[in-house]
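First up is the structure itself, then whatever we jot down about it.
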Amino acid sequence: MNSYRRNYLALTATFLTLGCNPSPQASERANPADEKVAPQSSIAVSEAWAAETPAGARVAAGYLTITNRGADADTLMGIVSARAPRVQLHEIVMDGDIARMRQMPEMAITPNETLTLTPGGYHLMFLDIPTPFLTGENIPVTLTFAHAGRIEIQLPVRQRDVSQGNGAPGGADHMHDHH
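Under the working numbering, think of the first position of the sequence shown as 2, with each following residue one higher.
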């Protein structure tokens, strides 16, 4: 092995060791390598992904799981992405047979609570996207929490399973209340 490769591997191992923030539950998680934890924080983000969008779509949806393992509540206060001028947290509420999306300006996450953003429920809404989200790319997102600060994540884009039901942005059975 040449010295460049040996140094690269040693440096990579050092960064991985310094960047790890193991918790007692680490061995119990299904996919701990995908989890992002803010330094000095009890907030963890996992299972992040974004739905592929059709050509010409101006909105896209993203999903993830946020877990507060701490003793204190925290609040998701802001979301930004280089891929969209505006990103909002939305919830879907049913109004008869019509699913309506409503913006949530912020979301409190109580101690030992897990908030799951899924199709048909809470989700990230990317507004005025200049180009479609394509399967295989990663969408950079920064989540800002009141106490945990910023957590930068990547949402891998994948095709949406049509069996996942309501929650697809731009669907005929959805109304948007964007402010």
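C-beta: ideal position from N, C-alpha, C; glycine also.
The DSSP assignment places 44-52, 60-69, 75-81, 87-96, 99-105, 108-110 and 115-118 as complete runs of the beta strand (DSSP E) inside the segment 39-123, in order along the chain (cut-off: 3 residues). About 5 Å separates the beta carbon of isoleucine 130 from that of alanine 61, a gap short enough to meet the 8 Å contact definition. In the same chain as histidine 124, and ignoring 5 residues on each side of it, the C-beta atoms closer than 7 Å to its own belong to Ala62, Gly63, Tyr64, His91, Leu118 and Gly168, in chain order. The residue among His148, Asn113 and Val94 with its C-alpha nearest the C-alpha of arginine 70 is Asn113. Residue pairing for threonine 145: DSSP places it in a beta bridge opposite Gly79 and Arg151. In the three-state scheme derived from DSSP, where H, G and I count as helix and E and B as strand, isoleucine 140 is classed as strand.
Residue environment for glutamine 160: exposed (fewer than 16 other C-beta atoms within 10 angstroms of its C-beta). Of the residues assessed, threonine 132 falls on the exposed side of the cut-off, its CB having fewer than 16 other CB atoms within 10 angstroms. Taking alanine 109 as reference, the option from Pro141, Thr145, Phe134 and Met126 with the minimal CA-CA separation is Thr145. Cβ contact annotation for proline 55 (same chain, cutoff 7 Å, sequence separation greater than five): Pro133, in chain order. Taking a C-beta distance under 7 Å as the contact criterion, threonine 136 and glutamate 48 do not qualify as a contact pair.
Taking 7 Å as the cut-off, the beta carbon of alanine 149 is found closer than this to the beta carbon of isoleucine 44. DSSP links phenylalanine 127 through a beta bridge to Ala61 and Val88. Around the beta-carbon of alanine 85, 16 or more other beta-carbon atoms lie within 10 Å, marking it buried.
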